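Protein sequences appear in the order of chains C and A.
Residue numbers for the first sequence follow my numbering, beginning at -10 and rising by one.
Residue numbers for the second sequence follow my numbering, beginning at 112 and rising by one.
Have a look at the structure below before the remarks.
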Amino acid sequence: MSSGDALVILGRASYNDREAEASFTKCLSDSVGEGRDPLRVVSEPEFKDLMYPWFEPRTAPTNIDELVKLFAQPGVRDQVETSQVRYIAWINGDTVTTGKGGSLACTLSTVGGGCFGVSFWEQDASYEASIWDLENMTSAGAISADATGTSYVAGVILPIPLVARPGNAACKALATQLKEFLLTEEP
Amino acid sequence: MGDVSLKTLVAVFALLMLVACGHNIVVEGTIPTPRIAALPVNVGIHYSEEFRSFEHKEVIEDIGSWKISLGEQNYVFFRTLMETMFETTQEVPEPPSSPARLVGLDGFVVPEIEKYGFLTPGISGLNFYSASIHYRVTLFNSDGETVHEWQVVGYGKSETGLFNGDNALEEATVMAIRDGGARIAIDIPQAPSVLSWVAEVNGGAL
């Protein structure tokens, strides 16, 4: 990846509740664009506005063949070149609650209140990034990251949460891989 | 005196409940200008009063009432959309009733909103608000004959926090306008009937 090139990270929309959350793609964009060896990142809203109506949830290309056809539309290639976006990373995946248990009861009365017990839930975050090279019009590769975590809320008068964030862990792991992948990619 | 106070309290409580359960949303936001090539034709566009001031009102038992005003935002976006899709446009107050009234126009377009709907997380069981807009867009030639009629459904959704449902529904509606507009901007210029009409208007050449 050359120094002038930019990357855009786009969530693949599915119109159900199983798709990469906007907060995940933002976390990934922020993580890739900062720290050691930061990459130049164009934000998802900025890129979609710039390319409207071609990268909307139901109009975006789903494979390289469709991308080639899209670039044949008047002005599309020029617009991408102006933005200097060389790579698109399409994000698929989500964070789901795979199990929960325990018992936590809270009461409130005129003489006071409190919570007693323990409640927990386990979450599994699984994401994949498919990387497209817009200059060579090829699929450059795919990387993935998984993370699991168990959160607890223990109640001894006051509820005390101990929250695991597997989505955040998967974001950081995928960002590290994405940087390594693109920095070693031949320009 | 005690009765009056009780009645007043009940009335105030009822009013508070009404206010608490009523949602009055005026849809605002920005939608970008489509980056598409304009068709080389001069068309009139008729936006009906209903289209320009479209409101959706709905009362859902045990949940509340909604009044969603999306006409203004939708109208502003469609003006930009039509000006981008066609080389020249002009608004016409009424659909031309005869070819004689189409002087200087190659045809005219009538966009309509047929239906609007929304879902809250409480209704759908999903963790987002969603909105859909059913559009009908009809293109007529200079003889007043239908060139093509499209029915397009724009769909949008927005994740939400616990206390900002109205903002999420507004955002979902903006996304639905944006989605519908994207489909119209891409589909209409590629429709064979439209391409034939444009070729005819331009003497057989595009």
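Glycine is no exception: its CB is placed at the ideal position from the N, C-alpha and C atoms.
In this text, all values refer to a predicted model and were calculated from it rather than measured experimentally.
Residue i touches chain C at which residues, Cβ-Cβ below 9 Å?
i	result
E270 of chain A	E10, A11, S12
A148 of chain A	Q62, P63, G64
Just checking my contact of residue i with residue j at CB under 8 Å: how many whole Å lie between their CB atoms?
i	j	result
S269 of chain A	E282 of chain A	4 Å
Y240 of chain A	L280 of chain A	5 Å
D67 of chain C	P143 of chain A	That pair is no contact at about 16 Å.
Q166 of chain C	G138 of chain C	Contact flag wrong, Cβ pair sits at about 19 Å.
I156 of chain A	F219 of chain A	7 Å
I288 of chain A	N185 of chain A	6 Å
A(-5) of chain C	V31 of chain C	5 Å
P207 of chain A	L213 of chain A	5 Å
A143 of chain C	P155 of chain C	Going by Cβ atoms, the distance from A143 of chain C to P155 of chain C rounds to 20 Å, so no, they are not a contact pair.
D26 of chain C	K168 of chain C	6 Å
List the residues of chain C that residue i touches, going by C-beta distances under 7 Å, in chain order.
i	result
P206 of chain A	Chain C residues near P206 of chain A: none, gap ~26 Å exceeds 7 Å.
A242 of chain A	Result: empty, since nearest Cβ-Cβ is about 12 Å, beyond 7 Å.
I297 of chain A	P42, T48
At 7 Å on the CB atoms, spell out the chain A contacts of residue i, in chain order.
i	result
D38 of chain C	P143
Going along chain A in order, which residues have a C-beta closer than 8 Å to the C-beta of residue i?
i	result
T165 of chain C	Under the 8 Å cutoff, chain A gives no residues; its nearest Cβ is about 26 Å from T165 of chain C.
E45 of chain C	R289, D290, A293
Q177 of chain C	This structure gives no information on residue 177 of chain C, because the portion of chain C shown stretches from -10 to 176.
Distance, Cα to Cα, residue i vs residue j?
i	j	result
L306 of chain A	R163 of chain A	28 Å
A114 of chain C	G255 of chain A	57 Å
L129 of chain A	N275 of chain A	Low confidence applies to L129 of chain A: its pLDDT is 47, below 50, so where it sits in the model is not reliable, and the reading given next is rough at best. Going from the Cα of L129 of chain A to the Cα of N275 of chain A covers about 18 Å.
T173 of chain C	M(-10) of chain C	7 Å
P300 of chain A	V248 of chain A	13 Å
G102 of chain C	Y141 of chain C	20 Å
E161 of chain A	I295 of chain A	20 Å
A162 of chain C	E198 of chain A	49 Å
A125 of chain A	I234 of chain A	With a pLDDT of 49 at A125 of chain A, under the threshold of 50, the modelled position of this residue cannot be trusted; read the value that follows with caution. Taking the straight line joining both Cα atoms gives about 24 Å.
G113 of chain A	V100 of chain C	Residue placement at G113 of chain A is flagged as unreliable, the pLDDT there being 43, under the threshold of 50; a coordinate-derived value is accordingly withheld.
S159 of chain A	G(-7) of chain C	49 Å
I171 of chain A	P148 of chain C	35 Å
M196 of chain A	D290 of chain A	16 Å
F189 of chain A	N157 of chain C	39 Å
G315 of chain A	I179 of chain A	45 Å
P34 of chain C	T141 of chain A	12 Å
F36 of chain C	G292 of chain A	17 Å
V115 of chain A	A2 of chain C	Note that V115 of chain A scores a pLDDT of 48, beneath 50, so its modelled location is shaky; the value from the coordinates is reported in the next line. One C-alpha to the other measures close to 57 Å.
W308 of chain A	R47 of chain C	27 Å
E202 of chain A	E194 of chain A	10 Å
V72 of chain C	I132 of chain C	Correcting the residue type first, residue 72 of chain C is Ser in the shown sequence and not Val. When rounded, the distance between both Cα atoms is 25 Å.
L56 of chain C	P50 of chain C	5 Å
P303 of chain A	A310 of chain A	10 Å
Y246 of chain A	T200 of chain A	20 Å
Short check: CB of residue i to CB of residue j, under 9 Å?
i	j	result
Y227 of chain A	F165 of chain A	yes
F105 of chain C	L97 of chain C	no
I(-2) of chain C	I77 of chain C	yes
W79 of chain C	W121 of chain C	yes
A134 of chain C	A153 of chain C	no
F170 of chain C	G82 of chain C	no
N153 of chain A	L192 of chain A	no
S20 of chain C	A118 of chain C	no
R146 of chain A	M40 of chain C	yes
V107 of chain C	G130 of chain C	no
V138 of chain A	V285 of chain A	yes
G64 of chain C	A148 of chain A	yes
V258 of chain A	P151 of chain A	no
E183 of chain A	F229 of chain A	no
Which residues of chain C have a Cβ atom closer than 8 Å to the Cβ of residue i, listed in chain order?
i	result
G292 of chain A	P42
Which two residues bound the contiguous beta strand (DSSP E) that contains residue i?
i	result
F105 of chain C	101 to 122
T87 of chain C	74 to 98
N153 of chain A	150 to 156
A129 of chain C	127 to 151
F251 of chain A	239 to 252
In terms of residues, what are the limits of the alpha helix (DSSP H) holding residue i?
i	result
G233 of chain A	232 to 235
T257 of chain A	Careful: T257 of chain A lies outside any alpha helix (DSSP H), inside the beta strand (DSSP E) at 257 to 270.
V57 of chain C	53 to 60
L213 of chain A	Counting along the chain, L213 of chain A falls outside any alpha helix (DSSP H), and DSSP gives it neither H nor E.
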